[in-house]
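Novice:
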Amino acid sequence: DKVFDNSLEALVDQHPQSKDIQKLRREVLTLRKQAKAFKRNFGSAEREQRKALYREARQVVGTIKELEQYVIDSIIGTADVVCATLVGASNRELNLVEFHTVVIDEAGQSLEPLCWIPILRAKKVVLAGDPHQLPPTVKSPEAHRQGLSKTLLEKVIDKTDSANLLTTQYRMNKAIMAFSNEEFYEGKLIAHDSVADHSLDELPVEFVDTAGCGFDEKMGESTRSRFNPGEIDILRSHREASGIQAPTAIISPYREQVLQLIDACMSEGLTTVNTVDSFQGQERDVVYISLVRSNEKAEIGFLKDYRRMNVAMTRARKKLVVIGDSATIGQDQFYARFIDYCEANGFYRSAWEFMSV
-9 DKVFDNSLEA LVDQHPQSKD IQKLRREVLT LRKQAKAFKR NFGSAEREQR
41 KALYREARQV VGTIKELEQY VIDSIIGTAD VVCATLVGAS NRELNLVEFH
91 TVVIDEAGQS LEPLCWIPIL RAKKVVLAGD PHQLPPTVKS PEAHRQGLSK
141 TLLEKVIDKT DSANLLTTQY RMNKAIMAFS NEEFYEGKLI AHDSVADHSL
191 DELPVEFVDT AGCGFDEKMG ESTRSRFNPG EIDILRSHRE ASGIQAPTAI
241 ISPYREQVLQ LIDACMSEGL TTVNTVDSFQ GQERDVVYIS LVRSNEKAEI
291 GFLKDYRRMN VAMTRARKKL VVIGDSATIG QDQFYARFID YCEANGFYRS
341 AWEFMSV
């Protein structure tokens, strides 16, 4: 509601001249109604009168458009900040507007061609985003090969000295932050004092290892996406054993696992279930990540997209629980380092601890 109250449409409705516009619209409706009231068989005088009514209606419509444009120009001209999507910046209401500064948020997810739409209206540009999180979605393999997935943010970081890293984060317990900090940010991040030690129990991070439990991954028939029923059972048992009642997100990279989790967990309350991609930009006190992959060949598929895992792990504020099979994911060096981090800090748990809960 707060966003809509500040939309251009709402501000136009709230403008003092909005009543004049509404009055003119009613006048147009009346004129058109009068013109349509003439029956099919009428004389030349009536025909001319109908034409005059339609002509007058068109003139009033022209007046409405002029008045609306005046109101819009007034609103935009006096605004300190104008918010729009990248494509929305091409809206005709902004055709004559030149901005001193354009800030493109989530620039790490923005296709470069779209970025140029607002950039062409600005004297100065600020790109804000994280190149270590999810890139823009490019479905065409050829476009990907030609470089469309590389963002303007990445190009600026690679080719200029104007990039600045914001080093203080205000979301995560420092233990949740630590692994991603070393893997992606050269250890430069620090947790603000207000969040550094906030937690719900003595373990802000847990890796629950399902190795040896026989929880092999399966393939959904309709979605052709993988899921792991055993991980779902362990997740529910872990939640029950923890007794934590706090806003919780359950995230998985696999769509079929998300669908299975929704069926199993959504009735428990305080819970959001979604894919990693859908959850970027959000946060919860507690985050569970179900990795799904468990197979003899140690194949992990797009779990190899480490940026996706960076997003998932950094959604948690006070507690992060990752459920996976170390025998499968541990063959990959990134996940091996995560398991080592958990073991070194006392965050390692075996799924067997929750089998009888």
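In this note's numbering, the protein residues as written are -9 to 347.
All C-beta atoms, glycine included, are put in the ideal place defined by N, C-alpha and C.
1) Are the beta-carbon atoms belonging to G98 and Q123 less than 8 Å from one another?
2) Just to confirm the assignment, what range does the beta strand (DSSP E) spanning R229 have?
3) Considering Cα atoms alone, identify which of A42, S34 and F328 is closest to K23.
4) Can you tell me which of W106, V311 and E246 puts its alpha carbon nearest to the alpha carbon of I166?
5) Since V50 and V18 should fall inside the 8 Å C-beta cutoff, what is the C-beta to C-beta distance between them, to a whole number of angstroms?
6) Can you list, in chain order, the stretches of the beta strand (DSSP E) that have 3 or more residues and sit fully within the region 107 to 170?
7) Would you give the residue range spanned by the beta strand (DSSP E) that E196 belongs to?
8) What does a CB cutoff of less than 6 Å around G119 pick up in its chain, not counting 5 residues either side in sequence?
9) Output the distance between the C-alpha atoms of E83 and I107, rounded to the nearest integer angstrom.
10) Please give me, in chain order, every unbroken run of the alpha helix (DSSP H) with length at least 4 that falls completely inside the region 26 to 110.
11) Considering N416, what are the terminal residues of the beta strand (DSSP E) in which it resides?
12) Between Q235, Q270, A231 and F89, which has its C-alpha nearest S242's C-alpha?
13) Considering only residues of the same chain and omitting the five flanking positions on each side of N171, which have a CB-CB separation below 8 Å?
14) Quick check: the Cα distance between L86 and C105, rounded to an integer number of angstroms?
15) Whole angstroms is fine: what's the gap from D(-5)'s alpha carbon to A69's?
16) Measure how close the beta-carbons of I224 and I313 come, nearest whole angstrom, since I'm counting them as under 8 Å.
17) Here's the rule I'm using: 16 or more other beta-carbon atoms within 10 Å means buried, otherwise exposed. How should A302 be labelled?
18) With 16 other CB atoms within 10 Å as the buried threshold, where does V276 fall?
19) Counting pairs of beta carbons, one from the region 153 to 169 and one from the region 125 to 136, are three or more of them closer than 8 Å?
20) At the level of alpha carbons, what is the spacing between S100 and S80?
21) Helix, strand or coil for L(-2) per DSSP?
22) Excluding sequence positions up to five away, which residues of its chain have a Cβ less than 7 Å from the Cβ of V347?
23) Return the bridge partner residues of L310 from the DSSP annotation.
24) Nearest-angstrom Cα distance between I62 and L(-2)?
25) Taking DSSP as the reference, what is the three-state secondary structure of A288?
26) Decide yes or no for the touch test of the region 185 to 204 against the region 322 to 339: beta carbon pairs closer than 8 Å, at least 3 of them.
27) Looking at the structure shown, is K178 part of a helix, part of a strand, or coil, going by DSSP?
28) Let me check understanding here. Comparing Cα to Cα, which of S130, K309, D187 and L281 lies closest to F205?
Specialist: Walking through what the data contain:
1) A contact, by the Cβ cut-off of 8 Å.
2) No beta strand (DSSP E) holds R229; the alpha helix (DSSP H) holding it covers P219 to S232.
3) Of the listed residues, the one whose Cα sits closest to K23 is A42.
4) Looking at the Cα atoms, V311 is the closest of the given residues.
5) Their Cβ separation, rounded to whole angstroms, is 5 Å, which keeps V50 and V18 in contact under 8 Å.
6) With a minimum length of 3 residues, the continuous beta strand (DSSP E) runs that stay inside the region 107 to 170 are 112 to 117.
7) Segment V195 to D199, the beta strand (DSSP E) holding E196.
8) Non-local beta-carbon contacts of G119 in its own chain, meaning distances under 6 Å to residues more than five positions away in sequence, involve E96, A97, G98 and L143 in chain order.
9) Each residue's alpha carbon lies about 14 Å from the other.
10) As far as the region 26 to 110 is concerned, its whole alpha helix (DSSP H) runs of at least 4 residues are 34 to 68 and 102 to 109.
11) Outside the displayed range of the chain (-9 to 347) lies residue 416, so it cannot be described from this structure.
12) Out of Q235, Q270, A231 and F89, Q270 has the C-alpha closest to the C-alpha of S242.
13) These residues qualify, in order along the chain: G177, K178 and L179.
14) So the two alpha carbons sit approximately 18 Å from each other.
15) Answer to the nearest angstrom: the Cα atoms are 14 Å apart.
16) About 6 Å; that satisfies the 8 Å criterion.
17) Looking at its Cβ environment, which holds 16 or more other Cβ atoms inside 10 Å, A302 is buried.
18) Buried, because 16 or more other Cβ atoms sit within 10 Å of the Cβ of V276.
19) At 8 Å Cβ cutoff, the stretches do not touch.
20) So the two alpha carbons sit approximately 16 Å from each other.
21) Assignment of L(-2) by DSSP, reduced to helix, strand and coil, places it in the helix class.
22) Annotation note: pLDDT 49 at V347 (below 50); position unreliable, coordinate value reported separately. Its chain contains S227, E230 and A231 as the residues whose beta carbon lies nearer than 7 Å to that of V347, once the 5 sequence neighbours on both sides are disregarded; these appear in chain order.
23) Under DSSP, L310 shares a beta bridge with V195 and V277.
24) The straight-line gap from Cα to Cα measures roughly 8 Å.
25) In the structure shown, A288 falls within a coil segment according to DSSP collapsed to helix, strand and coil.
26) Counting Cβ pairs under 8 Å, three or more are found: they touch.
27) K178: coil per DSSP, three-state reduction.
28) Relative to F205, the option among S130, K309, D187 and L281 whose CA is nearest is L281.
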